[in-house]
Each structure stands twice: as structure tokens, then as C-alpha cells.
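Accompanying notes for the structure given below.
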Amino acid sequence: MRKNIRVFALAAAGLLLAPGCAKDRQADFSALTGAEKIAWSINNPREELTVAASPVRQTLQILGSAGTVLGFGISAAQDAAYAKAISDALGEYSPGTVFEQRLADALAAHLGEGARRVAPVGTAAGYNNPQEAKKARWEGLARSGHSQVLDLDLSCGVFGPEGTLVTRIAGELRALPGGKLLWRDTVTVHSGPVLASRRLSDPTNRLTPNIAAPRLTIKENAIGQWTTDGGDHLRESFERNVRRTVEGVMTALELEETADGYLTLGWNAMCRKRHAEANDLLRQGQQMAPDRADILNVMAVNLGHAKNVEEAMGMVREALARDANHAEAHFNLAWWLSEKEGEEAEARTHYEAALAAGAPDHPRLEKRLRD
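Note that the numbering used here has the sequence shown beginning at 95, numbered continuously upward.
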């Protein structure tokens with residue numbers, strides 16, 4: 095019998111995926127791989143993808159409470175339709191289950207011999223408040239011999255008018271029995287290219303009114319990109335996102351160092367506008383994989399957002415020296431060149447190269463090149 099995988103349509107987005115926290119690079123993670131008894135948990139609230147693509151609610155918030163209520167209803171109906179299309183495309187595939195298993199396997203392979211999986215944080219039923227429930231859990235784990243507890247929360251979905259696929263792990267490491275916070279981080283991976291033209295924004299945040307770029311419809315193919323091939327592209331992209339998200343967490347916890355782990359952490363730092371930290375993390379990834387043009391491209395975009403455009407252009411040229419057909423690098427160089435007087439011809443050459451390598455049309459850049 096076909097498994098009924100329900101895709102959850104979250105009209106009031108922002109309730110699931112909170113913005114990330116800055117990584118504490120000073121934490122001591124040595125106990126995680128030693129002989130101490132460490133508790134770890136994974137909280138996976140649903141098997142299905144959250145779908146919150148409709149921009150109507152966010153746009154109509156501009157009109158006040160009446161617009162918010164109207165937009166909520168419209169977005170709920172639209173997202174339910176998008177959710178069904180994605181559910182039909184995924185068939186038996188359960189994203190939440192896959193995500194949880196990949197993370198559990200990685201932790202089991204790298205944590206020390208004293209590590210044990212425990213139940214995640216439960217409800218506050220029977221306690222005066224959630225903090226009291228957490229304290230009771232910490233004390234219970236300590237009584238059973240655990241010195242630390244690592245709690246990880248999973249979330250994933252398709253968000254925003256571009257249909258961005260998002261995977262996210264939020265985690266905390268605490269000392270027992272008192273619950274002293276030793277580390278906290280949120281590691282996120284988005285689908286899609288890393289472009290200098292894009293604002294550093296979170297597609298999961300739909301509680302803030304969209305004043306800068308209001309719209310009432312999703313972009314063409316925002317959902318179709320995930321459904322037209324029977325879900326193959328969605329499954330492959332999701333698996334890739336999960337791998338990078340897990341590697342980011344493993345690198346953050348110093349359980350395993352990989353180029354993709356540092357790339358993920360560097361991209362997250364860039365999105366939080368912590369550009370110096372992002373540069374350090376990305377450089378570590380680039381040193382582990384010096385031939386990877388994609389890491390150099392993200393380094394260039396980070397420099398561009400930090401207003402170091404000349405250095406960014408040099409970095410993206412390095413990326414193109416490693417991969418002459420890297421669409422994102424060609425686009426980013428075209429974008430920065432288009433801002434400079436007298437560089438329109440070279441900008442147009444790189445934009446055409448980006449298109450030839452598979453990049454979509456970009457009306458804003460085309461307007462710059464015409465003007």
C-alpha cells in the first residue's frame with residue numbers, strides 16, 4: 095500500500111525555522127569523543143516537508159490586521175495545493191526520516207564510546223513551566239551518569255516565492271546536572287545559487303511585512319522545479335542539503351572536519367553578516383579542497399557583501415580559473431563589473447557565459463547592461 099506522506103503546509107511561517115545563532119568557536123568538545131557518558135537526542139517533529147511558499151500573507155500584512163487575516167487564509171489555501179503537489183511527487187520518500195537517519199548515523203560513528211541516545215526534550219505537562227521540565231530532565235540524566243547532553247532539532251521545507259528548499263539543525267550542548275550552556279548553533283542549508291545580487295535574507299521568515307518587494311504570486315516554476323520529474327530533483331537536492339547540513343554540524347562540534355562542513359558554516363556566518371568569521375571558515379574549507387570553484391565563489395560573495403568588491407572580483411576570477419564554466423562565478427563577475435564605468439563589454443561577456451552555463455535570465459542585470 096502506498097504510504098500516505100503528508101506535506102505540512104504552514105501558512106504562518108516563522109513558527110518552525112527560527113533564525114540562526116552565532117557559533118561559539120571557543121567551546122571545548124573533547125568530552126564528546128572521550129570515555130565520558132554523553133547523552134544525545136534528535137527531535138524530529140514531522141516526517142513531511144513544511145511548505146510555506148505563498149507570499150500573500152506577508153504582502154497583505156502591509157494593510158494591517160485585516161490584511162493579515164485575509165492573507166493568512168489565502169496563503170493557507172495556496173500552500174495546501176503546493177504541498178499536495180510535492181507530496182504526490184515524493185511518493186514513499188519520507189524526508190524527515192531520511193534527515194534523522196543521516197544525522198543519527200553520523201553521530202553514532204563519531205561520538206565516543208560513552209555516548210548514548212536518549213529521548214528528546216518532552217512537553218512541560220506536569221511541570222509549572224518548560225524550564226522546570228528541562229531542569230528535571232537534566233537532573234535525571236545526571237543521576238544516570240551522564241556529564242553532558244547534546245540536543246539537536248531538525249526542520250526542513252520549501253519556503254518563499256522562489257520555492258527554496260531548506261534543511262536546518264538547531265543544537266545545544268549543556269553540562270549536567272545544572273544545564274550550563276556549553277554550545278549553541280543553528281546550521282542551515284538552502285538550495286539555489288550563491289549570487290552577489292541576492293540580499294542576505296531568510297526565506298523561512300514570513301512574519302515581517304514584505305515592503306521592499308511585495309508580491310502576490312510565487313515565481314514561475316517555484317514548485318514545478320521540484321515536481322515535474324516525478325520528484326527526482328527534489329530527492330537528490332534534499333539528500334545533498336542534508337549531507338551538507340549534517341557535515342556542518344559535525345564540523346561545528348569538531349567531530350569531523352570536511353570542506354563541505356566549513357563551506358556550510360562559512361555560508362551561515364555570511365548570512366548573519368559575520369563576514370570576518372565567514373572568511374575564516376570558508377578559507378579553511380578552501381584549504382582542504384583548493385580546486386573547488388564553488389567555495390571560492392562563496393568566498394567572493396562574502397567579500398562583496400563586506401564591501402570588498404575589488405578583492406571579491408579577484409577571488410571570483412580564481413574560481414573561474416579552476417572551472418571556466420562555473421555559472422555562478424560568471425554571473426557574479428558580470429554583476430560587479432556592471433557597477434563599474436567602462437566595464438560593460440566584459441560584464442556582458444561574463445553574463446552571456448553564465449547563461450550558456452545554465453544560469454537563468456536576470457532582468458536587473460540585463461537592464462544595467464542596456465543602460
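Built from N, CA and C at the ideal position, the CB exists for glycine as well.
Could you tell me if residue i is buried or exposed, where buried requires 16 or more neighbouring beta carbons within 10 angstroms of its beta carbon?
i    : result
K461 : exposed
R411 : exposed
Q172 : buried
E404 : exposed
T358 : buried
G272 : exposed
E207 : exposed
T339 : buried
L275 : exposed
G220 : exposed
G325 : buried
R151 : Confidence in R151 is poor, its pLDDT being 48 and thus under 50, which makes the residue's placement unreliable; the coordinate value appears in the next sentence. Classification for R151: buried.
Rounded to a whole number of angstroms, what is the C-alpha to C-alpha distance between residue i and residue j?
i    : j    : result
A447 : L414 : 11 Å
P255 : A147 : 5 Å
L390 : A316 : 27 Å
G251 : F332 : 9 Å
G190 : V145 : 13 Å
K117 : S124 : Residue placement at K117 is poorly supported in this model, since its pLDDT is 45, which falls under 50; the coordinates still yield a value, given next. If I take the Cα positions, the gap works out to 17 Å.
E433 : R458 : 12 Å
G257 : A175 : 13 Å
On a Cα-Cα basis, can you pick out the residue from the options that is closest to residue i?
i    : options                : result
S295 : G325, C365, A175, D354 : C365
A211 : E194, V288, L397, E348 : Note on identity: in this sequence residue 211 is Arg, with Ala being the wrong assignment. The residue with the shortest Cα to Cα distance from R211 is E194.
T127 : A209, R268, A121       : A209
H284 : S291, V260, A269       : V260
D245 : D122, L459, A264       : A264
M409 : V340, R196, M393       : M393
P287 : W232, K274, S135, D388 : D388
D428 : D417, R416, Y445       : It should be pointed out that residue 428 corresponds to Ala in this sequence rather than to Asp. Checking every option, the nearest Cα to that of A428 belongs to Y445.
E351 : S249, E330, E130, Q378 : Q378
Which complete alpha helix (DSSP H) runs does the region 216–269 hold, if anything under 4 residues is left out? 224–237
List, from N- to C-terminal side, the alpha helix (DSSP H) runs of 4 residues or more that fit wholly inside the region 353–430. 353–365, 369–382, 387–399, 403–416
State whether the region 446–465 contacts the region 418–432, with contact taken as three or more CB pairs (one from each stretch) at a distance under 8 Å. yes
Stretch pair the region 380–394 + the region 270–284: three plus CB contacts closer than 8 Å: no
Hey, is the region 200–213 in contact with the region 344–362, meaning 3+ C-beta pairs nearer than 8 Å? yes
Determine contact between the region 316–330 and the region 180–192, defined as no fewer than three beta-carbon pairs at a distance below 8 Å. yes
For the region 174–223, which segments carrying the beta strand (DSSP E) assignment without a break, of at least 3 residues, lie completely within its bounds, in sequence order? 209–211
With three or more C-beta pairs closer than 8 Å as the rule, is the region 392–402 touching the region 367–376? yes
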